[in-house]
Amino acid sequence: MCDAFVSPPSLLILKKLPISSCPNRSTKSTIRSKYPIIHASVNQNHSNRWSLHGKTALVTGGTRGIGRAIVEELAGHGVIVHTCARNESELNSCLKGWLDEGFEITGSVCDVSSQRDREKLMDDVSRLFGGKLYILVNNVGTNIRKPMVELTSEEFSTMMSTNFESVFHICQLAHPFLKASRAGSVVFTSSVSAFVSLKSMTLQGATKGAINQLTKNLACEWGKDDIRSNAVAPWYIKTSMVEQVLSNKEYVKEVLHCTPLGRLGNPNEVSSLVAFLCMPASSYITGQIICVDGGMSVNGFYPRHG
Ligand SMILES: NC(=O)c1ccc[n+]([C@@H]2O[C@H](COP(=O)([O-])OP(=O)(O)OC[C@H]3O[C@@H](n4cnc5c(N)ncnc54)[C@H](OP(=O)(O)O)[C@@H]3O)[C@@H](O)[C@H]2O)c1
């Protein structure tokens, strides 16, 4: 017997049952007219689960590359976004463009490696959003490609303060506002360099490895506050950060060879995952680091002419 037709509360199951398996071959429109209220609530429930409308977000580093795609993806879902970057004129030009497109996006000039700038940034966020932050995307990160023995102590400090200390401190500052939302979501931009060894990226990989562990720890420490914590880990995504290295055609050939999908990624292929991780539809996902890498991190041995 087809349970879906026994009583209205089972209606949710209906979609999963093939019509041919039901003795009563009623159509969806019959269900709609028979149980209009329940059908409406199913629709309502469905749209709420996939919506971010009216939520507030801070996305760091939103004027270029992956951060910019995240800002635009979230704003496209109706999120009220605040972002930051160091270059004021680039930030202003982005804000103007977004305003022209009808997006509700604001910005602060901020170098996330500076403690004072981070505090000022979170003051702006608190004031703008009335103390309630639903989404925090810790996106800023940098890279200095060198064999590890050649890195200077200044370079070490720059990498640690930009890639990890900033993220750690912004999370601390944001915690009361995320908690106040009662449905907070933190997303970190990690990297495949935290999973596999990449040439001349030992320190960058270590900072992203630290982010991965922070992702897991915050999931456990902040679960009680209804704050989820996840990370996205990209491989080569076409942005200004990797423009120079990707101008070497031979190098790109090597990159594509170890990428099962055989191509580089686009920023909006990362931002779509970030949006999903912030939606109620992903409400039971926390502590996860998801690679966006065309399969690179699971690739074993595939000879070039195999
Ligand atoms: N692209 C890739 O292939 C790739 C792969 C794996 C992981 N990732 C990660 O993805 C994230 C974004 O990278 P991306 O490639 O999109 O970089 P990108 O194109 O260089 O863009 C970086 C953005 O962050 C801002 N920014 C940089 N340093 C900042 C600082 N200290 N304070 C505030 N804002 C800062 C930049 O603006 P200003 O310069 O004006 O500050 C810009 O808006 C990074 O964490 C990176 O490690 C990228």
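Taking my numbering as reference, the numbering of the sequence shown is continuous, increasing by one, and the terminal residue is 308.
In this text, a Cβ means the ideal position worked out from N, Cα and C, and glycines have one as well.
Item checked: Residues that proline 149 bridges to, as DSSP identifies them -> Here proline 149 is not bridged, per DSSP, to any residue.
Margin query: Taking the beta strand (DSSP E) that serine 115 belongs to, which residues open and close that run?
Written below: Element bounds for serine 115: n/a, residue is neither H nor E.
Note to self: Output needed for alanine 71: all residues of its chain with C-beta closer than 7 Å, excluding positions within five of it in sequence on either side, in chain order.
What the structure shows: Sequence-distant Cβ neighbours of alanine 71 in its own chain, meaning closer than 7 Å and more than five residues away, are Pro269, Asn270, Val272 and Ser273.
Note to self: Counting only C-beta atoms, is alanine 212 closer than 8 Å to chain B at any point?
What the structure shows: Given the protein chain composition of this structure (a single chain), no chain B is represented.
Notebook entry, point to check: Is the closest heavy atom of ligand 1 to the C-beta of valine 198 under 7 Å?
Noted result: Checking every heavy atom of ligand 1 against the Cβ of valine 198, none is found closer than 7 Å.
Item checked: Candidates Asn301, Arg88 and Met203, of which the one nearest arginine 147 by Cα -> The shortest CA-to-CA distance from arginine 147 to any of Asn301, Arg88 and Met203 is the one to Met203.
Checklist line | Cutoff 7 Å; reference arginine 66; Cβ partners in own chain excluding five residues on either side | finding: Answer for arginine 66: Thr241 and Ser242, listed in chain order.
Notebook entry, point to check: Going by DSSP, what residues sit across from valine 189 in a beta bridge?
Noted result: DSSP, once it has assigned bridges, lists Val139 and Asn232 as partnering valine 189.
Check: What first and last residue would you give for the alpha helix (DSSP H) that runs through threonine 164?
Finding: For threonine 164, there is no enclosing alpha helix (DSSP H), as DSSP gives it neither H nor E.
Next item on the list: Apply the 10 Å Cβ neighbour rule to asparagine 140 and answer buried if 16 or more other Cβ atoms are within range, or exposed otherwise.
Entry: Here asparagine 140 is buried. Its C-beta has 16 or more other C-beta atoms within 10 Å.
Notebook entry, point to check: Buried or exposed: glutamine 206, going by 16 or more other Cβ atoms within 10 Å of its Cβ?
Noted result: By the neighbour-count definition (other C-beta atoms within 10 Å, threshold 16), glutamine 206 is a buried residue.
Note to self: Suppose only complete runs of 4+ residues qualify. What are the alpha helix (DSSP H) ranges in the stretch 44-118, listed by chain order?
What the structure shows: Listed in chain order, they are 67-78 and 90-102.
Notebook entry, point to check: Cβ of aspartate 113 within 7 Å of any heavy atom in ligand 1?
Noted result: Within the cutoff, so yes.
Item checked: Expected contact under 8 Å - CB spacing of threonine 62 and valine 142 to nearest Å -> Yes, threonine 62 and valine 142 are in contact; Cβ-Cβ is about 4 Å, under 8 Å.
Notebook entry, point to check: Excluding sequence positions up to five away, which residues of its chain have a Cβ less than 7 Å from the Cβ of leucine 93?
Noted result: Around leucine 93: Thr65, Ala87, Gly109 and Val111.
Check: For isoleucine 213, does the three-state DSSP call read helix, strand or coil?
Finding: If DSSP states are grouped into helix, strand and coil, isoleucine 213 belongs with the helices.
Check: Between leucine 180 and glutamate 121, which are expected to be in contact by the criterion C-beta below 8 Å, what is the C-beta distance as a whole number of angstroms?
Finding: The beta carbons of leucine 180 and glutamate 121 sit about 17 Å from each other, so the pair does not count as a contact at 8 Å.
Note to self: Rounded to whole angstroms, what is the Cα-Cα separation between serine 285 and alanine 182?
What the structure shows: One alpha carbon belongs to serine 285, the other to alanine 182, and they sit about 17 Å apart.
Margin query: Please determine whether the Cβ atom of valine 61 lies at a distance below 7 Å from any heavy atom of ligand 1.
Written below: In terms of side-chain proximity, the C-beta atom of valine 61 is found no nearer than 7 Å to any non-hydrogen atom of ligand 1.
Next item on the list: Check whether the stretch 284-302 touches the stretch 226-237, taking contact to mean three or more Cβ pairs, one atom from each stretch, closer than 8 Å.
Entry: Segments in contact, yes.
Check: Are lysine 210 and serine 231 close, meaning C-beta to C-beta below 8 Å?
Finding: The Cβ atoms of lysine 210 and serine 231 do not sit closer than 8 Å to each other.
Notebook entry, point to check: Which value, in whole angstroms, describes the spacing of the CA atoms of glycine 302 and asparagine 47?
Noted result: Between glycine 302 and asparagine 47, the C-alpha separation is close to 42 Å.
Margin query: Just checking asparagine 214 against ligand 1 - is the residue's beta carbon closer than 7 Å to any of the ligand's heavy atoms?
Written below: No; taking the cut-off as 7 Å, the Cβ of asparagine 214 has no heavy atom of ligand 1 nearer than that.
Next item on the list: State the start and end residues of the unbroken beta strand (DSSP E) segment that holds valine 294.
Entry: DSSP places valine 294 inside the beta strand (DSSP E), whose first and last residues are 291-294.
Checklist line | Nearest residue (CA-CA) to valine 189, options Ser168, Thr217 and Ser199 | finding: Minimum Cα distance to valine 189 is reached at Thr217.
Notebook entry, point to check: Does the beta carbon of arginine 118 fall short of 7 Å from some heavy atom of ligand 1?
Noted result: Because no heavy atom of ligand 1 lies under 7 Å away, the Cβ of arginine 118 does not count as near it: no.
Next item on the list: State the Cα-Cα distance for the pair valine 276 and phenylalanine 131, rounded to the nearest angstrom.
Entry: Spanning the two alpha carbons is a distance of roughly 21 Å.
Checklist line | Rounded straight-line distance, which links the Cα of phenylalanine 170 to that of cysteine 222 | finding: Rounded to the nearest angstrom, the two C-alpha atoms are 15 Å apart.
Margin query: Measuring only the C-alpha atoms, how far is valine 300 from valine 198?
Written below: Answer to the nearest angstrom: the Cα atoms are 10 Å apart.
Next item on the list: Note the first and the last residue of the continuous alpha helix (DSSP H) segment covering alanine 176.
Entry: Note, alanine 176: alpha helix (DSSP H), 168-183.
Check: Quick one, which of Leu76, Glu106, Thr154 and Thr164 has its alpha-carbon nearest aspartate 119's?
Finding: Considering only alpha carbons, the answer is Thr164.
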